[in-house]
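Here is the structure we will look at, set down as structure tokens.
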Amino acid sequence: MVLSLTDACLFAAFCGLFVHACFNRFEDDHFPSLKAVSLVIPLLPASLFYPHSRSVFLSVLAGYMICFVTLFSSIVLYRLSPFHPLAKYPGPALAKLSKLWGLYKTSTGKTHLLYLELHRQYGPIVRTGPNEMSICDIGVLEPALGNNGMPKGPMWKGRINAQTGSTSLVSERNMRVHLERRKPWNKGLSSSSVREYEPILRNRVLQLVESLQEKSAGNHFVDLVEWISMFSYDFMGDMAFGGLGFELMRDGDVNGLWGLMEHGIRIQAHTQHVPWATTFLHSITGMGAAAAKLRSFVHSAAQKRARRGRGPFGPDLSSWLLDEANPTPDPRQFKSYARESQLIIVAGSDTTAAVISSIFHHILGEQKYFERLRREVDSYFPLDGGEVPADNSTKLSDMPFLNAVINEAMRITPPVPIDLQRGPERGSGGKMIGSIFIPEGTGVNIPPYVFHRDPRYFSPHPDQFLPDRWLPDTTGLYHTLPEAYIPFSLGPMNCPGKGLALLELRMVVATLVQQLDMELQSGYDTTSWETKLDCYFVFTRGTIPVKVKLRVH
Ligand code: HEM
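At position 117 of the sequence shown (counting the first as 1) the number is 118 in this note's numbering, and the numbers step up by one without a gap.
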């Protein structure tokens, strides 16, 4: 039977609509099969064009063209139409059309400022993608992130290992599996375990003090940001591999580890918007090779650590991930350990380094805060008393101004600014969070950066560094809502490293303030700090050039 040209065109258009319906229904779970479907289906109408053109090439071209033009038109119309399940939420038209908008915005490094602006313009709920929204409302925190909340959202599909397809804890989207994988992390980062890591940390903090002095000798300026990053990689290397760490402070970055990590952070910040293009983006950016190099480096360190057992400082986080307390550990344990060991370094290094750098930017930029902090440190740890803050974690947690400074730095610059993403469980049909219905397939971002600068929760001057807002306030000047303070997220998928991170922040800041006099390079523009912060899931930072001298007793 030969169909008329009009009927053949209509059938090709119908095929386009059919492919769109398949994408809508199965995109989240079956993307590779859908790619194949979208290539094969247009061949059906192509055969109907052949009797009219007598050319295979023209028939196939017509089949594909009509099918794809219909597919893309139908996608555009549907995403902008009132029938889309997120139609009632405001947002930029380009964001509603395609995640390529998010990909482009990420390349500017300024998505934290963009989200702040979008919420200021559109209100607490903004549509930031065809199937994505950002919500800044304290009422959704518990229902979205808490015990009865949602699993990790669709963006995590674009953050898995593109070469192996494997997930680490942080990208595990199945809630049950996630809870199971989380158990050794919870044990290894519990308060009693963290107490056991103090000697590892103390050792590295004192090395940082010594290195800064050494490098500054002869009136040289050093970049505090760089040294804090090297310190945090060394410390997390110790935590992961029990003293078989990286020795960046001692030897410099001979393995190019830092570059590999930074490269990885940037690429994943892009691929999370377009999981379907992950493999392609990895190949054109050289990320595939970089990721493989990093993986093999970490894998061999993990292997050495597993063979050798715990290091000279006793138990480390790997002891828990390798289940070393068990006399007959499961041999499969090593495979999952190798996947998680990279996460220890990535999750624990850049985050804490960002906060420590941010603290020194603020207290060196406003000397009144540095001096006030030093007075408090001196009152708890008198310089001539011989006790270094790194010796006494209990006292550190009691120091009001130190903790106010840390809280304020993480309020104004939360290391994970935008992407606490969750989405309804697959097969659930959707989920109510507070009074908002979230359709299945939607990613919901909870942006700490926007919460922390919302005058409903922190006032006055939410954009200013004012540590006093965290201290008991007899003047009634400050309105501070701790429930809206979420640098570590909350719920069963929050940051398990919070206790370790706080210990590290307190030890480093108090020890440097007690031990070192610091002077910013003259001409250094302190206002450049904020403009040089770039958001690639975590913040990458500019520089802080300082000259340091050991304080005279
Ligand atoms: C100031 C420092 C830190 C901050 C602000 C921070 C913040 C966060 C945030 C916001 C998340 C995402 C939670 C979510 O999706 O809801 C996270 C996850 C995670 N963090 Fe941290 N983090 C810090 C330090 C650390 C340290 C020192 C470790 C130790 C290894 C660590 C290990 C992890 C892990 C393993 C996850 C994944 C948790 C999961 O998916 O269940 N973090 N962190």
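For every residue, glycine included, the Cβ atom is placed at its ideal position computed from N, Cα and C.
C-alpha of residue 224 to C-alpha of residue 211: approximately 15 Å in a straight line.
Per the DSSP secondary-structure output, residue 480 pairs in a beta bridge with 460. Annotated three-state conformation of residue 422 is strand, per DSSP. Apart from sequence neighbours up to five positions away, the residues of its chain that approach residue 108 with a beta-carbon distance below 8 Å are 271, ordered along the chain. Every unbroken stretch of the alpha helix (DSSP H) spanning 4 or more residues and falling wholly within the segment 126–186 is given here in chain order: 142–146. Residue state for residue 467 is assigned as coil, using DSSP reduced to three classes. Membership of residue 535 in the beta strand (DSSP E) is indicated by the continuous run 535–537. Taking 6 Å as the cut-off, one finds no heavy atom of the ligand HEM near enough to the beta carbon of residue 231. Three or more beta-carbon pairs separated by less than 8 Å are not found between the segment 403–411 and the segment 431–446, which leaves the two stretches without contact.
Between the segment 358–371 and the segment 417–427, the count of C-beta pairs closer than 8 Å stays below three; the two stretches do not touch. A residue is called buried when at least 16 other Cβ atoms come within 10 angstroms of its Cβ; residue 281 does not meet this threshold and is exposed. Relative to the non-hydrogen atoms of the ligand HEM, the Cβ of residue 339 never comes closer than 6 Å to any of them. Rounded to the nearest whole angstrom, the C-alpha separation of residue 258 and residue 237 is 13 Å. For residue 341, the closest C-alpha among the options 298, 160 and 319 is that of 319.
Looking only at 147, 260 and 522, the smallest Cα-Cα distance to residue 484 is reached by 147. In this structure, residue 72 sits near residue 17, with a CB-CB distance shorter than 7 Å. A contact is defined here as three or more CB-CB pairs under 8 Å, and the segment 495–503 meets this definition with respect to the segment 348–366. Secondary structure in the segment 194–277: the alpha helix (DSSP H) runs of 4 residues or longer, each lying completely within the stretch, are 225–242, 249–252 and 258–272 in chain order. Contact check between the segment 201–216 and the segment 387–397: three or more CB pairs, one atom from each, fall below 8 Å, which counts as touching. As computed with DSSP, residue 549 is found in a beta bridge with 519. DSSP, reduced to helix, strand and coil, places residue 527 outside both helices and strands of the structure shown, so it counts as coil. Taken through DSSP and simplified to helix, strand or coil, residue 42 comes out as coil. With a cutoff of 7 Å on beta-carbon distance, residue 537 and residue 266 are scored as near each other. For residue 315, the beta-bridge partners assigned by DSSP are 312.
Shortest Cα-Cα distance from residue 412 to any of 355, 437, 381 and 433 involves 355. As computed with DSSP, residue 432 is found in a beta bridge with 439. Within the same chain, and ignoring the five residues on either side of residue 209 in sequence, the residues whose Cβ sits closer than 6 Å to its Cβ are 232. Excluding five sequence positions before and after residue 519, the CB atoms of its chain that fall closer than 7 Å to its own CB belong to 365, 547 and 549, given in chain order.
The Cβ atoms of residue 128 and residue 190 do not sit closer than 7 Å to each other. Within the segment 63–117, complete alpha helix (DSSP H) segments of at least 4 residues are found at 94–98 and 101–108, given in chain order. Among the bridge pairs identified by DSSP, residue 540 is matched with 536.
Contact check for residue 273 against residue 159 passes: the beta carbons are separated by less than 7 Å.
Closest in alpha carbon position to residue 264, among 279, 252, 291 and 327, is 291. Within 6 Å of the C-beta of residue 349 there is at least one heavy atom belonging to the ligand HEM. Counting along the chain, the unbroken alpha helix (DSSP H) around residue 413 starts and ends at 401–413. Counting the other CB atoms within 10 Å of its CB gives residue 84 a total below 16, which places it among the exposed residues.
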